[in-house]
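This note's numbering numbers the first residue of the sequence shown as 6 and each following residue consecutively. Every residue, glycine too, gets a C-beta built ideally from N, C-alpha and C.
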Amino acid sequence: MVRVFDDTGQFVAYAHYSQKSKIALRLLAWNESEVIDVDWYLHRIAQSIQLRLPKSKLKPKQATRLVYSESDRLPGLIVDAFGTYLVVQILSAGMERVRDMIFDHLTQLLKPDGILELSDAEVRKLEGLESRVVWQTGADPGETVIVENGVTFTLNLTEGQKTGFYLDQTRNRATVASYTKDKDVLDAFCYSGGFGLHALKAGAKSVRFLDNSQSALEILKNNLSLNGVSPDEVSIDQGDVFQALRKYRDAARSFDVIILDPPKFAPTHASLNHASRAYKDINLWAMKLLRPDGILATFSCSGALDQESFLRIIQYAAMDAGRDVQILERLSQAPDHPVRLAFPESDYLKGFILRIR
6 MVRVFDDTGQ FVAYAHYSQK SKIALRLLAW NESEVIDVDW YLHRIAQSIQ LRLPKSKLKP
66 KQATRLVYSE SDRLPGLIVD AFGTYLVVQI LSAGMERVRD MIFDHLTQLL KPDGILELSD
126 AEVRKLEGLE SRVVWQTGAD PGETVIVENG VTFTLNLTEG QKTGFYLDQT RNRATVASYT
186 KDKDVLDAFC YSGGFGLHAL KAGAKSVRFL DNSQSALEIL KNNLSLNGVS PDEVSIDQGD
246 VFQALRKYRD AARSFDVIIL DPPKFAPTHA SLNHASRAYK DINLWAMKLL RPDGILATFS
306 CSGALDQESF LRIIQYAAMD AGRDVQILER LSQAPDHPVR LAFPESDYLK GFILRIR
């Protein structure tokens, strides 16, 4: 931890310092009178958890983000709860130095059945840190079951994407489902079926799931079974989404509702041009596949791409598709992923529900 001063010698902030990362400083506190010690970290962690879990008690089958890095003034630390298990990501050199204290405090405060450290993100390499995936307490339960908006999901915490589940889309899955009753739905980049399963629960006429990952589709099949749906009652396609959308068009297939929830196309500003072309491509083909007055729910989780730029991409796609588009709703991440005004990068998930005329 270091003290940061401006060029006049005035105190600016306390910060974690990394010699190897391009982000040399991660700010902790702006008040010089604060004491950055063990109690400071413990208070911040407890405060973040109590905002989501007022009684600091884990609930079976409930999934929640408990600590969200810079948004909770704990840069480089993410803590997710999946039922009575915790998944922790330590993403910065500063948090790496206090990692033992973090695990001890989480154990004492929440008494989880197990804590999985899933510190395998690429950003650790930029911090000069090795990848680490290990159960710090407890043992791998194999499968963990959670319930979201009345829909049941099974998770493999050590093998899933991100920290096991896309918690940032919790409210959006329910919102999009409200447009799907009696509709033919395509859930593209479906992963384990979050949006499509919500659509089925909401009364969708049919759902087609599309993803490139065979392992994700195996999880999807388990989730269908957990919700009393036979794989024969839906359509499941494995393949590259970009190519599949074109093949659907060639086969004269069409839909009432299409959900596009792709992975992060623009992890950095340097990749924005390539990402913009990719976002335009999938939205263009989705618009071509939608019936008149169809609904397109489209998302970007690329922090380097702001909402207005994403909207311009959609506008260009609409022009090339020859479709008139109305914005019905603007969507963002769930409340357990709060956006901190002093850290605009925390506002990474943006989405639109569009009517395609």
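Check	Outcome
Can you name the start and end residues of the beta strand (DSSP E) that residue 141 belongs to?	137–142
For the beta strand (DSSP E) holding residue 43, just list the boundary residues, first then last.	Looking at the DSSP string, residue 43 is not in any beta strand (DSSP E); the run it does join, the alpha helix (DSSP H), is 43–57.
Since residue 217 and residue 243 should fall inside the 8 Å C-beta cutoff, what is the C-beta to C-beta distance between them, to a whole number of angstroms?	7 Å
By a C-beta neighbour count over all protein chains shown, 10 Å radius and 16 as the cutoff for buried, is residue 153 buried or exposed?	buried
Grab me the residues of residue 185's own chain with a C-beta within less than 6 Å of its C-beta, minus the 5 sequence neighbours each way, in chain order.	204, 207, 209, 262
So the alpha helix (DSSP H) residue 109 belongs to, where does it begin and stop?	104–115
Alpha carbon to alpha carbon, how far is residue 265 from residue 219?	18 Å
Please name the residue in 15, 106, 337 whose C-alpha comes closest to that of residue 44.	106
What would DSSP say about residue 270, mapped onto helix, strand or coil?	coil
Taking the straight line between their C-alpha atoms, what separation do you get for residue 247 and residue 178?	22 Å
So residue 160 is in the beta strand (DSSP E); what residue range does that whole segment cover?	156–160
Can you tell me the Cα-Cα spacing of residue 181 and residue 202, whole angstroms?	11 Å
Is there at least one non-hydrogen atom of the ligand NAD closer than 7 Å to the beta-carbon of residue 175?	This structure lacks the ligand NAD; in fact it carries no ligand of any kind.
Which term fits residue 338, buried or exposed, when burial requires 16 or more other beta carbons within 10 angstroms of its beta carbon?	buried
Output yes or no for whether 8 Å exceeds the beta carbon distance between residue 94 and residue 124.	yes
On the DSSP bridge assignment, give the partners of residue 30 in chain order.	22
Assess contact between the region 321–328 and the region 226–233, defined as three or more Cβ pairs (one per stretch) separated by less than 8 Å. Is contact present?	no
Can you give me the C-alpha to C-alpha distance between residue 300 and residue 215, rounded to a whole angstrom?	17 Å
With distances taken Cα to Cα, identify the nearest neighbour of residue 16 among 35, 31, 24.	35
At 4 residues or longer, and completely inside the region 175–246: list those alpha helix (DSSP H) runs for me, N to C.	175–182, 199–206, 219–231
Keeping to the same chain, check which residues put their C-beta closer than 7 Å to that of residue 236; ignore five residues upstream and five downstream.	226, 229
With residue 87 as the anchor, note down where its beta strand (DSSP E) starts and where it stops.	82–87
Around the C-beta of residue 332, are 16 or more other C-beta atoms found within 10 angstroms, so that it is buried, or is it exposed?	exposed
Look up residue 338 in the DSSP assignment and say whether it is helix, strand or coil.	coil
Relative to the C-alpha of residue 269, which candidate in 122, 258, 256, 284 has its C-alpha closest?	284
When DSSP labels each residue in this structure, what does residue 124 get in the three-state scheme?	strand
Taking residue 355 as the reference, give the member of 316, 67, 321, 362 with the closest Cα.	316
Residues in its own chain within less than 6 Å of residue 336 by CB, not counting five upstream and five downstream?	177, 356
Helix, strand or coil for residue 309 per DSSP?	coil
Label residue 7 either buried or exposed according to how many other C-beta atoms from any shown protein chain fall within 10 Å of its C-beta, with 16 as the threshold for buried.	exposed
Per DSSP, what kind of secondary structure is residue 10 in: helix, strand or coil?	strand
Cutting at 7 Å between CB atoms, please list the residues of its own chain near residue 293, excluding the five before and the five after it.	254, 326
To which residues does DSSP link residue 331 through a beta bridge?	360
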